[in-house]
Amino acid sequence: MKAAVLNQASYQLEVAEMETPAPAKGEVLVKLKTASINHHELWSMREQSIVSQSPVIMGSDGAGEITEVGPGVASTWIGKAVMINPSLNWGSNPRVQGPDYQILGFPRNGTFAEYISIPVEYVYEKPSHLDFDEASAIPLAGLTAYRALFIRGELETGSNVLVTGVGGGAALFALQFAIAAGANAYVTSGSEEKIQMAVSLGAKAGVNYKEPGWDKKLLALVGGFDIIIDSAAGTGFAALTEIANPGARIVLFGRTAGKITQLNPSTIFWKQLSIHGSSMGNDEEFRAMIDFFGVYKLHPVVDSLFGLEDINKAFERMELGQQLGKMIITL
């Protein structure tokens, strides 16, 4: 099979011929139709954090058809169109992942390949209203957004919600989920085009965080936020505490802007704010997220499609922040 294998000298992906895996006990073999890329893989390559004596096939998101089952798996799975949950071995505590937790793509080989063998408990039937491109766009970013918004953010109908840095996958999913659940959703972005796209999806309004006084502009629009979903951190995070309503929840799942600085402790304790870290999610949350897509017939925003041989170009586009939605790899 063809796969995009990580070159651990250059930390670029190179297409190579690899042996097609055979499903072990309790596993299924999925012929992948599409995969999608995430900042998770981009950060791993940028920081050169993957070291292995064996070839590494990265990739967390994928969708395809089951072609073979291992011992102990019902043959009725063969031929089913499925998507893959990349959140592996969460553990027994629903609040936090356990010591054996891993994200698909390392150390277990991932989805940047024509085939993947995966335990059957991590495959879910594809909602019928989604095509394979859309299905592969969802897993990692969709799960991250679902947990951040509903579990950590405790979303309620009518809440004022701010999603920062809209344009990336998880932020767009958080926006779509909030709108579907009846919240009043607002966004920030460094791109007017991305703000207008968010408004077309149902956001009430947005502001450009590159403009001076962006936080005051938001306050003038809304008056304050009950839930803030942030994936950037950095120097702008302190302003989020200032525009949060008393008792608000601020949920952080990324660090694209670097370390948080200049927080005012009195703002946090006097407003009784809750600042929650969040990352991925457990099996029950993945199932709930897929069901949410089915109930509301949501469709992911797809930015562009790349062939496997052009996967590095897709990551270059992501690193420049040019994408409007998820980038799909066709296999």
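Read in order, the letters of the sequence shown are residues 2 to 332 in the numbering used here. Glycine included, every Cβ here is placed at the ideal spot set by N, Cα and C.
Boundaries of the alpha helix (DSSP H) in which residue i is found, first to last residue
i	result
Met198	Glu193 to Leu202
Leu173	Gly170 to Ala181
Gly295	Asp284 to Tyr297
Ser305	Careful: Ser305 lies outside any alpha helix (DSSP H), inside the beta strand (DSSP E) at Val303 to Gly308.
Ser267	Pro266 to Trp271
Leu222	Trp215 to Val223
Residue i, enclosing beta strand (DSSP E) - first and last residue
i	result
Phe226	Phe226 to Asp231
Ser50	Taken as a continuous stretch (DSSP letters only), Ser50 belongs to no beta strand (DSSP E), as it is neither H nor E.
Ala186	Asn185 to Ser190
Ala206	Ala206 to Asn209
Lys26	Taken as a continuous stretch (DSSP letters only), Lys26 belongs to no beta strand (DSSP E), as it is neither H nor E.
Val162	Asn161 to Val164
Thr331	Lys327 to Thr331
Ser275	Ser275 to Gly278
Candidates the options: closest to residue i by CA position
i	options	result
Ser279	Leu202, Met46, Gly183 and Phe254	Phe254
Glu122	Arg96, Val83 and Ile152	Val83
Glu135	Ala175, Phe113 and Ala64	Ala64
Arg250	Arg256, Leu241, Thr257 and Ala258	Leu241
Ser338	Asp284, Ile261 and Ser37	Residue 338 is absent from the structure shown; the chain starts at 2 and stops at 332.
Lys211	Glu18, Ser201 and Ile196	Ile196
Gly168	Thr77, Val162 and Leu176	Leu176
Met328	Ile139, Thr262, Gln263 and Arg153	Ile139
His41	Leu105, Gln13, Leu14 and Val70	Leu105
Ser50	Thr189, Pro56 and Gln9	Gln9
Ser305	Gly295, Pro120, Val252 and Glu317	Glu317
Asp284	Pro24, Asn94 and Thr35	Asn94
Phe238	Gly225, Asn265 and Ala75	Asn265
Arg148	Phe178, Leu131 and Leu7	Phe178
Met2	Lys217, Gly154 and Glu115	Glu115
Where residue i falls: helix, strand or coil (DSSP)
i	result
His41	helix
Thr257	coil
Glu18	strand
Glu243	helix
Ala315	helix
Ser11	coil
Ile152	helix
Ala146	helix
Glu320	helix
Val57	coil
Chain-order list of residues whose beta-carbon lies under 7 angstroms from that of residue i (same chain, five-residue window excluded)
i	result
Leu144	Ser88, Met281, Gly282, Glu286, Phe287 and Met290
Lys127	Ala64, Ala82, Val83, Met84 and Ala136
Thr268	Thr242 and Glu243
Met198	Leu325
Own chain, CB closer than 6 angstroms to residue i, minus 5 neighbours either side, in chain order
i	result
Thr68	Leu30 and Lys32
Pro72	Lys26
Gly166	Ala172, Ser232 and Ala233
Val302	Leu173 and Gly326
Leu219	Val208 and Ile244
Sequence-distant residues of its chain with Cβ nearer than 8 angstroms to residue i (five each side left out)
i	result
Gln103	Leu89, Asn90 and Arg109
Asn39	Ser61, Asp62, Leu141, Ala142 and Gly170
Gly308	Ile330 and Thr331
Val52	Gln9
Ala181	Phe293, Tyr297 and Leu299
Distance cut-off 6 angstroms: residue i Cβ against heavy atoms of the ligand PLP
i	result
Ala172	Judged by which ligands are present, the structure shown has none, so any question about the ligand PLP falls away.
- Item | beta strand (DSSP E) segments (min. 3 residues) lying fully within the stretch 69-144 | Counting whole runs of 3 or more residues, the stretch 69-144 contains the beta strand (DSSP E) stretches 82-85, 116-120 and 124-126.
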